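Quick note, the sequence shown lines up with residues 25 to 265 if you use our numbering.
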Amino acid sequence: MTVYYYAAGGMVLLILIAVIVRKMLRDYYEKKVFEANETLVNFHVEEVESIYKQMRGWRHDYKNHIQAMKAYLELDQLNELGSYLDELDEDLISVDTIIKSGNVMVDAVLNSKLTLAQARVITLHAKAHVPENIAVQDVDLGIILGNLLSNAIEGCQSVDDPEKRFIRVYIHDMKGQLYINITNTMERKIKKTGSEILTTKMGKDHGFGLKRVDKTVEKYGGYINRQFEEGVFATEITLPL
Numbered sequence: 025m026t027v028y029y030y031a032a033g034g035m036v037l038l039i040l041i042a043v044i045v046r047k048m049l050r051d052y053y054e055k056k057v058f059e060a061n062e063t064l065v066n067f068h069v070e071e072v073e074s075i076y077k078q079m080r081g082w083r084h085d086y087k088n089h090i091q092a093m094k095a096y097l098e099l100d101q102l103n104e105l106g107s108y109l110d111e112l113d114e115d116l117i118s119v120d121t122i123i124k125s126g127n128v129m130v131d132a133v134l135n136s137k138l139t140l141a142q143a144r145v146i147t148l149h150a151k152a153h154v155p156e157n158i159a160v161q162d163v164d165l166g167i168i169l170g171n172l173l174s175n176a177i178e179g180c181q182s183v184d185d186p187e188k189r190f191i192r193v194y195i196h197d198m199k200g201q202l203y204i205n206i207t208n209t210m211e212r213k214i215k216k217t218g219s220e221i222l223t224t225k226m227g228k229d230h231g232f233g234l235k236r237v238d239k240t241v242e243k244y245g246g247y248i249n250r251q252f253e254e255g256v257f258a259t260e261i262t263l264p265l
C-alpha cells in the first residue's frame, strides 16, 4: 500500500508539474505575441505618419515651387527648369503612392511596405477598400497584412531580374466577407508539409509569421488558401465582416 501511495503521489506531482509548465509556456507565448503586436502597430503608425508629414511639407512649399518655376521661365533657363521639375517629380512619386483604404491600420501597413518594396526594386500594385465597423480588430489586420507582405517582399528578392519582381494586393468586401489576395513572384522551391508551406533559404521567422497569420484567420472563423505555380505565390483570405 505504501508503494502504491508513493506511486500515486508521484503521478499527481508529475501531472501538477506538467500543468504548471504548460501554463508558463502559454503565458510566455502570449507575452511574445503581445509584444510583437505592439511593435507592429507602433512601427506602421509611425511609418504612415512620416509619409503624411512629407505630403504636408510638400504642400506647404507649393508657392515657393511656383515662384521658382516662374523665375526660370522669365530668365529663359529651360534646362534648369527641367532639372527642377525632375527633382519635384521624385517627391511627387512618393506622395502619389499614398493608399487610402478607409482603414488606418491597413493604410499604415500597405504604405510602409510599399516604401520598402520600392527601395528593393519591387513593383507593387495595390487596390484596397475596407468597410467601416468590421468585426476584425485593427491589430489582427496588421498581423495578417504585415506578415504576408513581409514574406512577399522576401520572396520577390529571390528573383534575380528586378523587372520580374512584383507584388499585387487586392482587398475588398465581397458577399459579406473581407477578401484579401496577395500575389508575388518567387524563384524559390515550395515544399508543403501537412498544412505548412516551406520555402528554401527562408528566414527562421518566416514559418512563425505564417503560423501567426493562420491562427489569426482561424480566430475569426475565416478561410485561407495558398497556391504556387510558375514562379508566382498567391495567398487568399476571407474574413467575416
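For each residue, glycine too, the CB sits at the ideal point set by N, CA and C. From a predicted model like this one, the values you see are computed outputs, not experimental measurements.
- Proximity of the region 148-163 to the region 125-134 meets the contact definition, three or more beta-carbon pairs being nearer than 8 Å.
- Here the alpha carbons of residue 92 and residue 261 stand approximately 49 Å from one another.
- By the neighbour-count definition (other C-beta atoms within 10 Å, threshold 16), residue 107 is an exposed residue.
- The C-beta distance from residue 179 to residue 210 rounds to 4 Å, short enough to fall under 8 Å.
- The Cβ neighbour count for residue 137, taken over all protein chains shown within 10 Å, is at least 16; the residue is labelled buried.
- Here residue 206 is not near residue 148, since their CB atoms are 7 Å or more apart.
- By the neighbour-count definition (other C-beta atoms within 10 Å, threshold 16), residue 150 is a buried residue.
- For residue 258, there is no enclosing alpha helix (DSSP H); the residue is part of the beta strand (DSSP E) that begins and ends at 256-264.
- Secondary structure of residue 198 (DSSP, three-state): strand.
- Within the DSSP secondary-structure output, residue 193 pairs in a beta bridge with 150 and 206.
- Shown here for residue 251: same chain residues with a beta carbon closer than 6 Å to its own, the five before and five after excluded, namely 258 in chain order.
- When the alpha-carbon of residue 145 is set against those of 199, 112, 187 and 105, the nearest one is in 187.
- Sequence-distant partners of residue 204 (beyond 5 residues in either direction) whose C-beta falls short of 6 Å from its own C-beta, in its chain, are 195 and 261.
- Going by DSSP, residue 251 is part of the beta strand (DSSP E) stretching over 247-253.
- A direct Cα-to-Cα measurement between residue 264 and residue 199 gives close to 9 Å.
- The alpha-carbon separation between residue 202 and residue 240 amounts to approximately 14 Å.
- Looking only at 163, 167, 142 and 170, the smallest Cα-Cα distance to residue 181 is reached by 142.
- When rounded, the separation of the alpha-carbon atoms in residue 177 and residue 90 is 38 Å.
- C-alpha of residue 112 to C-alpha of residue 243: approximately 46 Å in a straight line.
- For the pair residue 123 and residue 246, the Cα-to-Cα distance works out to about 25 Å.
- Within its own chain, the residues whose Cβ lies closer than 6 Å to the Cβ of residue 104, once the five positions on either side in sequence are excluded, are 96, listed in chain order.
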